[in-house]
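If you're matching them up, the sequences are chains A and B in order. Per the numbering used here, the very first residue in the first sequence carries number 127; after that it's consecutive. Per the numbering used here, the very first residue in the second sequence carries number 119; after that it's consecutive. Everything below concerns the one structure shown next.
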Amino acid sequence: MKKIYALLMTLGLTMTATGQTLNVRVGSVVYQFPADQTGEMTYTDGKKLTIMGRTFKLSDIDEMTVDASEVKNNLVKVEYGTSSAMVYVAGNVASYVLPVVTGGHVDIAQSNTAAVDDDEIIYQLSGSSADGSLTLSGSYKCTVSLAGVTLTNPDGAAINIANSKRIQISAKKGTTNSLTDGAEGAQKACIYSKGQIQLQGNGTLNVVGKSKHAIKSASYISIKNLTLNVTSAVSDGINCEEYLQVKSGVVTISGVGDDGIQCDLGGESSTGETEDHEDEDTGNIYVEGGTLTVTTTVAATKGIKAQGDLRISDGTLTVNTTGNGTYDSDDKDAKGCACLKTDANMVISGGQLTLKSTGTGGKCIKADGTMTVTGGIINATTTGGTYSYSSSKAQPKAIKIDGNMLVEGGSITATSSGHEAIETKGTLTVNDGTVYAFSSSDDAINASSHMYLKGGNVTGVSNANDGIDTNGNMYIEGGTIIACGSGEPECGLDAAERYKLYIKGGTVLGIGGGNNTVTSTSGSQCVLSTTGSPTAGTTVSVKNGSTTLATFTVPTGYSPKSGGGGMGGPGGMRPGGGQSGSTKFSYLLSCPGLTSGTNYTVTIGSSSSSCRAATSYSGR
Amino acid sequence: MAGTLPTQAEDYPYLTFELTDGAKASVAVDGLTLNINGTTLTVGQETFTISNLTKMYFSETDETTGSADGIDEVKTDESLLDNAEIYDLKGRKVTRAQMQKGVYIVKTKERTYKIMVR
Chain A
127 MKKIYALLMT LGLTMTATGQ TLNVRVGSVV YQFPADQTGE MTYTDGKKLT
177 IMGRTFKLSD IDEMTVDASE VKNNLVKVEY GTSSAMVYVA GNVASYVLPV
227 VTGGHVDIAQ SNTAAVDDDE IIYQLSGSSA DGSLTLSGSY KCTVSLAGVT
277 LTNPDGAAIN IANSKRIQIS AKKGTTNSLT DGAEGAQKAC IYSKGQIQLQ
327 GNGTLNVVGK SKHAIKSASY ISIKNLTLNV TSAVSDGINC EEYLQVKSGV
377 VTISGVGDDG IQCDLGGESS TGETEDHEDE DTGNIYVEGG TLTVTTTVAA
427 TKGIKAQGDL RISDGTLTVN TTGNGTYDSD DKDAKGCACL KTDANMVISG
477 GQLTLKSTGT GGKCIKADGT MTVTGGIINA TTTGGTYSYS SSKAQPKAIK
527 IDGNMLVEGG SITATSSGHE AIETKGTLTV NDGTVYAFSS SDDAINASSH
577 MYLKGGNVTG VSNANDGIDT NGNMYIEGGT IIACGSGEPE CGLDAAERYK
627 LYIKGGTVLG IGGGNNTVTS TSGSQCVLST TGSPTAGTTV SVKNGSTTLA
677 TFTVPTGYSP KSGGGGMGGP GGMRPGGGQS GSTKFSYLLS CPGLTSGTNY
727 TVTIGSSSSS CRAATSYSGR
Chain B
119 MAGTLPTQAE DYPYLTFELT DGAKASVAVD GLTLNINGTT LTVGQETFTI
169 SNLTKMYFSE TDETTGSADG IDEVKTDESL LDNAEIYDLK GRKVTRAQMQ
219 KGVYIVKTKE RTYKIMVR
């Protein structure tokens, strides 16, 4: 028989027996024993009847019938009525399942400690109750199958699982299931589980959390296939510990009073990511597929928040936050919203992310650690202004990284109207990929430490500050770099005072009130400088005779505040001459194929000038 | 591949009860209801004193003691009919004197069973 069960499990099949079935009804619970499984059913002392290991007090039995009911092994069906429930227990698990039904509230104690007939017990919920719930306890994994159930529990959780083992909550294909808890209860969530929750199935699950979270696990949560809608929650839409994994499905979260999704470390310290996430406790969030749409509207809330890493490898994420900043009296700091927030590191290797934060102090991506991008498409937009509380401020930034930022692939488009579009408090390294940053009020791209631009396409456009700014050295060694800054004293390319700009490769255009001094070093690539008007859409080219060495297009949206002009020329010759207050901006160009001391034709729109190449440039 | 595989279970048309004295009574299960009323269990037209039952099981055949068709033959021990209520197959109560050849239902305190008078 075990071989047969193993084969059925391999094929994803379950066994349903048709034939005679003995139904033993005790109150609202019917135990269903297929005739071919019962064997001898023994009477003891005229008071008890034992069937398939389940002993009934005869005085408790309300009815016994024999009919042709189909019985599916391991299945416990819970059928809800308006304020009632009937429970049907398959005979093979009758000795392990003890349901207590009170009105529409079903409390089931499960006692098995291993698989029954090579499988786990499945609790299948259907029907509708305005005053009902399911509570499960036990110490072995099980599945809660949602087969078209609508449950509201005015006094507690709709589903409360005290079992600390893995629980699958699966919405059956083609069914819509709606769960709502009560505002007056002390429950942590509408769906609460002490153990891991695997949310799955090809059906739809709608959840409302009126007391705290919509869904909460004291362990990890994974999501696969499911169409999950959290339409309202007092606190988080989904809250879990250890880790969260979105494999696929369509998850939509809105109407939350706090974060859309939050994952915290369960213990004191992280285990680090483990193979197949076995016994993992990291506080990480993994998005590996699916469509995830999260909207928050409350002040300083986060769309998706991880205490550990936030790692996105695939899927479509649309996260919007509209709340303003607020003052956190516990942390004594001003805080704003963030679409994606990690207390650790952000890793994006795939997927399509559309992030927008419109409130004061809002950010699209905020990482307390590092950020690594190797793939994916990221569109991040902030439109809010600065939130201030006394001397505390929360500044809106599309991407704010407290550690180092590394880009090795993918595409980033970051736009901010309030402050920097991209800011990293550590180094910024771009080896490949595309980075486009636009700010109408601050640096487009800013790094607090050194900046290494080695490949890819990097564009920083600011109409009110520097295009690309680093507070350390800037090393340009490859890629295509376009930095457009505002008028004087702002720059296209800017390194902090006491630090240097080195150009050893790449195709580079810097436009601004000025550009940073270029320091000659071993292997330097020559630069050219001139002046011109900073007009978006203008074609800029570098030619050696009739040979075009480089061509640029001044980025769309570049409309800088008027100001200074070029501050100097190659070798400090200042051929371009700044014209403060004019529309003449400094143009700094570099590309392969330039020879020091040779003149090249630089054409800006229809205006051409002859510029001498040098390995250094005396900027402002 | 996932789904439910219906299996045609073996056919068990009878539910057989075994009493403490070893006697068996099989009852056809088609539409069967078992009613517990205090110390008695009524199964179709059979009634058992529960304390006299040891077990029950589904069976493929009628295993009623004494006759495959569930009819006990009464040959010598007519005392079995003492203090019993006797009905014909049309449900009419009859006396022992009225009994002709045929099948009757005998109801005692302990059980209900069929007998055949030849």
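From the three backbone atoms N, C-alpha and C, an ideal C-beta is built for every residue, glycine too.
For Tyr175 (chain B), return the contacting residues in chain A, with the cut-off set at a CB-CB distance below 7 Å.
Within chain A, the residues near Tyr175 (chain B) are Thr164, Gly165, Glu166 and Met167.
Give the range of the alpha helix (DSSP H) segment to which Ser164 (chain A) is assigned.
Strictly speaking, residue 164 (chain A) in this sequence is Thr, with Ser absent from that position. Run containing Thr164 (chain A): Ala161 to Thr164, per the alpha helix (DSSP H) assignment.
Quick one: is Glu189 (chain A) near chain B, going by C-beta distance under 9 Å?
By this cut-off, Glu189 (chain A) is an interface position.
Could you name the residues of chain B that Leu184 (chain A) contacts, counting a contact when the two beta carbons are closer than 7 Å?
Residues of chain B passing the Cβ test: Ile154 and Ile168.
Would you mind telling me which residues of chain B sit closer than 7 Å to Gly386 (chain A), beta carbon to beta carbon, in chain order?
Going along chain B, no residue has its Cβ under 7 Å from Gly386 (chain A), so there is no contact; the nearest lies around 31 Å.
For Arg180 (chain A), count neighbouring C-beta atoms within 10 Å of its own C-beta (all shown protein chains included) and say buried if the count is 16 or more, exposed if not.
Arg180 (chain A) is buried by the Cβ-count criterion.
Is the beta carbon of Cys316 (chain A) closer than 9 Å to that of Gly335 (chain A)?
Cβ atoms of Gly335 (chain A) and Cys316 (chain A): closer than 9 Å.
Who are the near neighbours of Asp385 (chain A) in its chain, counting only those whose CB is closer than 6 Å to its CB and skipping five residues on each side?
Asp362, Thr427, Lys428 and Lys431, listed in sequence order.
Determine the DSSP secondary structure at Lys614 (chain A), reduced to helix, strand or coil.
It is worth fixing the name first, because residue 614 (chain A) is Glu in this sequence and not Lys. Glu614 (chain A): coil per DSSP, three-state reduction.
Hey, which unbroken runs of the beta strand (DSSP E) at 3 residues or more fall wholly within the stretch 166 to 243 of chain A?
Listed in chain order, they are 167 to 170, 174 to 177, 180 to 183, 189 to 193, 201 to 206, 211 to 216, 223 to 228 and 230 to 236.
Is the CB-CB distance between Thr508 (chain A) and Lys519 (chain A) below 9 Å?
For Thr508 (chain A) and Lys519 (chain A), no; Cβs fall outside 9 Å.
Could you tell me the alpha carbon to alpha carbon distance between Val728 (chain A) and Ile538 (chain A), rounded to whole angstroms?
Using only the alpha carbons, I get a separation of about 30 Å.
Does any CB atom of chain B fall closer than 9 Å to the CB of Gly375 (chain A)?
Output row for Gly375 (chain A): interface = no.
For the beta strand (DSSP E) containing Gly492 (chain A), name the first residue and the last one.
A quick correction: the sequence has Lys, not Gly, at residue 492 (chain A). Lys489 to Ala493 is the extent of the beta strand (DSSP E) around Lys492 (chain A).
By Cβ distance below 7 Å, which residues in the same chain neighbour Leu201 (chain A) in space, the five residues on each side in sequence not counted?
Closer than 7 Å at Cβ, skipping near neighbours: Ala216, Ile248 and Gln250.
Would Gly140 (chain B) count as contacting chain A if we go by Cβ distances under 9 Å?
Not an interface residue.
What residue range is occupied by the uninterrupted beta strand (DSSP E) comprising Leu352 (chain A)?
Unbroken run through Leu352 (chain A): none, as it is neither H nor E.
Measure the C-alpha to C-alpha separation of Thr225 (chain A) and Gly258 (chain A) and round it to an integer number of angstroms.
For the sequence presented, residue 225 (chain A) should be read as Pro rather than Thr. Computed Cα separation, rounded: 14 Å.
Would you list, in chain order, the members of the stretch 206 to 219 of chain A that have their beta-carbon closer than 9 Å to a beta-carbon of chain B?
The residues in question: there are none.
Nearest to Thr269 (chain A) by CA position, among A:Leu325, A:Thr353 and A:Ala312, is which residue?
The residue with the shortest Cα to Cα distance from Thr269 (chain A) is A:Leu325.
Quick one: Cα of Leu277 (chain A) to Cα of Ala220 (chain A), how far?
Each residue's Cα considered, the two are about 25 Å apart.
Ordered along the chain, which non-local residues of its own chain (more than five positions away) have a Cβ less than 8 Å from that of Ala240 (chain A)?
Closer than 8 Å at the Cβ level, and outside the excluded window around Ala240 (chain A), lie Tyr266.
Is it the case that the Cβ atoms of Ser667 (chain A) and Phe678 (chain A) are separated by a distance below 9 Å?
A contact, by the Cβ cut-off of 9 Å.
Let me see if you follow: with CB-CB separation under 9 Å, is Lys173 (chain A) close to chain B or not?
Output row for Lys173 (chain A): interface = yes.
Determine the closest residue to Ser514 (chain A) out of A:Thr452, A:Ile411, A:Tyr562 and A:Ile491, with distance taken between C-alpha atoms.
Residue A:Thr452 is the option with its Cα nearest to Ser514 (chain A).
Of all Cβ atoms in chain A, is any one closer than 9 Å to the Cβ of Asp180 (chain B)?
Cβ-Cβ to chain A under 9 Å: no for Asp180 (chain B).
Helix, strand or coil for Asp454 (chain A) per DSSP?
In this structure, Asp454 (chain A) counts as strand in the three-state DSSP scheme.
So is Gln216 (chain B) buried or exposed if we call it buried at 16+ other beta carbons inside 10 Å?
Result: exposed.
Ends of the beta strand (DSSP E) at Thr151 (chain B)?
Start and end: Thr151 to Asn155.
In terms of residue numbering, what span does the beta strand (DSSP E) encompassing Gln326 (chain A) cover?
First-last of the beta strand (DSSP E) with Gln326 (chain A): Ile323 to Gln326.
Quick check on Lys350 (chain A): buried or exposed, where buried means 16 or more other Cβ atoms within 10 Å of its Cβ?
The residue in question, Lys350 (chain A), is buried, as its Cβ has 16 or more Cβ neighbours within 10 Å.
What's the gap between the Cα of Phe159 (chain A) and the Cα of Lys142 (chain B)?
Cα-Cα distance, rounded: 21 Å.
Can you give me the start and stop residues for the beta strand (DSSP E) that Thr673 (chain A) sits inside?
Segment Thr673 to Thr679, the beta strand (DSSP E) holding Thr673 (chain A).
Between the C-alpha atoms of Leu481 (chain A) and Gly392 (chain A), what's the straight-line distance to the nearest angstrom?
When rounded, the distance between both Cα atoms is 28 Å.
Report yes or no: do the stretch 169 to 177 of chain B and the stretch 131 to 147 of chain B share at least 3 C-beta pairs separated by less than 8 Å?
Counting Cβ pairs under 8 Å, three or more are found: they touch.
Which chain A residues are close to Thr157 (chain B), counting only those with a beta carbon under 8 Å from its beta carbon?
Gly172, listed in chain order.
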